[in-house]
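What follows is a set of notes on a single structure, which appears directly below.
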Amino acid sequence: MFAFLARRTLEFLVVIFGVLTIVFVLQRFSGDPTNLLLPVDAPQEVRTELRHQLGLDRPLPEQYLRFIGRVAVGDLGDSYRFRQPALGLVLERLPATLLLASASLLISLVLALPLGTLAAVYRNTWIDSLATGISLLGQAMPVYWLGLLGILLFSVQWRLLPSMGGGSFAALVLPATTLAVYSAARIMRLTRAAVLDVLHQDFIRLARAKGLGEGKVLVKHALRNASIPIVTIIGLQFGGLLGGAVITETVFAWPGVGRLAVNAVQQRDFPVVQAVTVVIALAFSLINLAVDVLYARLNPRIRLG
Amino acid sequence: MAAERALLDVQDLRVSFGEGPRARPALDGVSFSVRPGKTLAIVGESGCGKSLTALSIMRLLPTPPARITGGRILFDRGDGPALDLASADRRTMRRLRGKDIAMIFQEPMTALDPVYPIGDQIGEVLVEHEGLSRKDALARAVELLRLVGVPSPEERARQYPHEFSGGMRQRAVIAIALACEPALLIADEPTTALDVTVQAQVLRLMRDIQQRFASSILFITHDMGVVGQMADEVVVMYLGQVVEEGPVSAVLSRPAHPYSQGLIASIPTLDMPRDRVLQPISGMVPPIGSITTGCRFRTRCPHAMEICRRDPPKVTTPAGNSASCWLVEEST
């Protein structure tokens, strides 16, 4: 178990390092930041002075090492627009995004796990067709369209829920549900496939031959085994929800990292874009690490391997 | 013989695949009985319906498409009239499975749940049927592993299936089957997937177990050689029907039905002359439902005659085996 954790943590560090490198390279390719920071008619001396201040006159490898060094102590530069540390801006808005993504995941799971299991147990019946149909529809609808539809119906037409802003439970319902639809559809389809696959295994027949009731066969043997692939997709979906929040947060004016990122891109506030990228990548990797640990807990063949 | 009650009495069992006019009969009037403390072997090629017969008794047929369409499966529980398993309700069947009738499957590699330790999987039956606590069940599981010849059982009970070899897994599956000391043990090709040396060990284990528990065994196999080692009586099946049955000694030494003769002629023996060529049965098993009248074996039988288009009579030979064949009818 220790060796396993050590290996996975090392892999995690490699991934983070890779993300930082890509961020650094993209930043160098995106042009001279002094063009943005200074007026167009700024004198050449001022420009050179600023380049010196920012360390842009140093050789690239040195700049790279300084960048990594600064990131290691949590310094991702200051926002051009807010004149504040970019990382602080991102972390300030992170809880709102995490809340949105977690609420979405919760909604997804509550919908997808029972539906997927039912569809597998009653395969080729109307229950299966209904569940599969709903999931196809869910996967086919784009998030922004679904969000606008939700606003039109629930906020404009029926005036049941607020269409924008954060801070209240009511304001969370529409964006979280909208964001949940796609991942619920994905998780449902995978749950159906995973449970169906396990139900055909010999050990399920042996469980029945032992005289266990169908409930025990399903929960103790089928679902426990099906949970192994399902946990993997749930982890991936949660990462996807964090990324997918960009669109949803924009549609619903949710004060999270996604909206910050969209605004920063529009205003070419590169340190903030960078900070968002690094934080999301970090969150994604941490989730994957957690999934791997959970996966090993669930699957004895990996636990000891 | 008549005075002794059969433990299991299968009468005219019929199983079909599918519904209505497209239904294909897979078991077509199968009858046999298993006596207390004896081993009955069902022999036949793949597709003859021997596994379906076993699953019907357990009521574990994949339904749909397969379902029991007729006949009775009488099981004697020792108290009162025999219970008809073909029509028993789910609850009764659930209480019976694993307790009074246990089954060993063909594939030990996939028969065990990969995410639970072996001991838990054995103990599960005892928790279910005997109401044992998990701790007591585990202690019993260790004893059972010892009984089926798994070395250092305390340690092995905590291991997972992937840490067991095929032979050891089959022993664990046998331990699960024995946990509640069932009156009837159904073994569906328990050694087919194992190496020859392991096969012999597992067969020996099953014989020991039978002597120890005085249980009855329904042994399903395609291997006539195994039949000779294991069984007291044998039923030969072909395409969903019983073609011959009788005491093992009689069937093996004087098979009456051409199909049984063919099965026995295709076993290699150590003492047979080097230049003798094994005699395989010509052709392939036809798909189920393709022949529904007359002798089902006539398309592959070397002695087929015009009369074989009519259903053959069941004839008992002087040796004591009875076969359904016109040829046997003529010669007696």
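So the sequences go chain by chain: D and P.
Reminder that position 215 of the first sequence reads as 215 in full-length UniProt numbering, one-by-one numbering, no gaps.
Reminder that position 186 of the second sequence reads as 186 in full-length UniProt numbering, one-by-one numbering, no gaps.
Yeah, the Cβ is synthetic: ideal placement off N, Cα and C, and Gly gets one too.
Query	Result
Run through the segment 55-136 of chain P for me and flag every whole alpha helix (DSSP H) of 4 or more residues, listed as ranges in chain order.	90-96, 108-111, 118-130
Could you check whether the Cβ of glutamate 107 (chain P) sits closer than 8 Å to any Cβ belonging to chain D?	yes
In the structure shown, what three-state DSSP assignment does leucine 13 (chain D) receive?	helix
To the nearest angstrom, report how far apart proline 258 (chain P) and threonine 125 (chain D) are at their CA atoms.	46 Å
Could you tell me whether any Cβ in chain D is nearer than 8 Å to the Cβ of arginine 94 (chain P)?	yes
By the 10 Å Cβ neighbour count, where 16 or more other Cβ atoms means buried, how is phenylalanine 29 (chain D) classified, buried or exposed?	exposed
In terms of residue numbering, what span does the beta strand (DSSP E) encompassing glycine 165 (chain D) cover?	Segment: none, glycine 165 (chain D) is in no beta strand (DSSP E) and carries neither H nor E.
I need the DSSP call for glycine 246 (chain P), collapsed to helix, strand or coil.	strand
Measuring CB atoms only, is the segment 67-79 of chain P touching the segment 127-139 of chain P, in the sense that at least three cross pairs come out at less than 8 Å?	no
State the Cα-Cα distance for the pair valine 198 (chain D) and proline 65 (chain P), rounded to the nearest angstrom.	19 Å
Could you tell me the distance, in whole angstroms, from the CA atom of glycine 215 (chain D) to the CA atom of serine 87 (chain P)?	22 Å
Measure how close the beta-carbons of aspartate 232 (chain P) and methionine 103 (chain P) come, nearest whole angstrom, since I'm counting them as under 8 Å.	No, aspartate 232 (chain P) and methionine 103 (chain P) are not in contact; Cβ-Cβ is about 20 Å, not under 8 Å.
Straight-line CA distance for serine 183 (chain D) to serine 108 (chain D)?	6 Å
Kindly indicate the opening and closing residues of the alpha helix (DSSP H) around glycine 262 (chain P).	258-265
Look at alanine 76 (chain P) and alanine 6 (chain P) and say whether their C-beta atoms are less than 8 Å apart.	It is aspartate, not alanine, that sits at residue 76 (chain P) in the sequence shown. For aspartate 76 (chain P) and alanine 6 (chain P), yes; Cβs fall inside 8 Å.
With distances taken Cα to Cα, identify the nearest neighbour of valine 181 (chain D) among D:Phe238, D:Phe2, D:Leu10.	D:Phe238
Beta-carbon within less than 7 Å of alanine 119 (chain D)'s beta-carbon, same chain only, minus the 5 sequence neighbours each way: which residues are those?	Ile127, Asp128, Ala131, Thr132, Arg192
Would the C-beta of arginine 274 (chain P) count as close to the ligand COA, meaning under 7 Å from any of its heavy atoms?	The ligand COA is absent from the structure shown, which contains no ligand whatsoever.
At the 8 Å Cβ level, is valine 148 (chain P) part of the contact set with chain D, yes or no?	no
Alpha carbon to alpha carbon, how far is cysteine 325 (chain P) from leucine 132 (chain P)?	52 Å
Return the CA-CA distance between valine 251 (chain D) and methionine 164 (chain D), expressed in angstroms with no decimal places.	8 Å
Which of the residues in the segment 110-129 of chain P, read from start to end, lie with their CB under 7 Å from any CB of chain B?	The structure shown contains no chain B; the protein chains it does contain are D and P.
In whole angstroms, give me the CA-to-CA distance for glycine 116 (chain D) and methionine 188 (chain D).	5 Å
On a Cα-Cα basis, can you pick out the residue from D:Ala209, D:Arg259, D:Pro59 that is closest to aspartate 100 (chain P)?	D:Ala209
Three Cβ pairs or more, each shorter than 8 Å: is that satisfied between the segment 88-96 of chain P and the segment 160-173 of chain P?	no
Quick check on proline 318 (chain P): buried or exposed, where buried means 16 or more other Cβ atoms within 10 Å of its Cβ?	exposed
Tell me the DSSP bridge mates of alanine 187 (chain P)?	P:Ile104, P:Phe219
Would you call proline 117 (chain P) buried or exposed, if buried means 16 or more other Cβ atoms sit within 10 Å of its Cβ?	buried
What residue does the alpha helix (DSSP H) around aspartate 12 (chain P) start on, and which one ends it?	Note, aspartate 12 (chain P): premise wrong, no alpha helix (DSSP H); beta strand (DSSP E) at 8-17.
Cα separation between serine 282 (chain P) and aspartate 311 (chain P)?	22 Å
Give a yes or no on whether the C-beta atoms belonging to glutamine 210 (chain P) and isoleucine 217 (chain P) are separated by under 8 Å.	yes
What residues in the segment 197-210 of chain D have a beta carbon less than 8 Å from any beta carbon of chain P?	Gln201, Asp202, Phe203, Arg205, Leu206, Ala207, Arg208, Ala209, Lys210
Does the beta carbon of glycine 213 (chain D) come closer than 8 Å to any beta carbon on chain P?	yes
Please go through the segment 185-229 of chain D and give each complete alpha helix (DSSP H) segment of 4 or more residues, from N-terminal end onward.	202-209
Going straight from the alpha carbon of valine 236 (chain P) to that of glutamate 245 (chain P), what length do you get?	6 Å
Using a C-beta to C-beta distance shorter than 7 Å, which residues of chain P count as neighbours of arginine 297 (chain D)?	Under the 7 Å cutoff, chain P gives no residues; its nearest Cβ is about 10 Å from arginine 297 (chain D).
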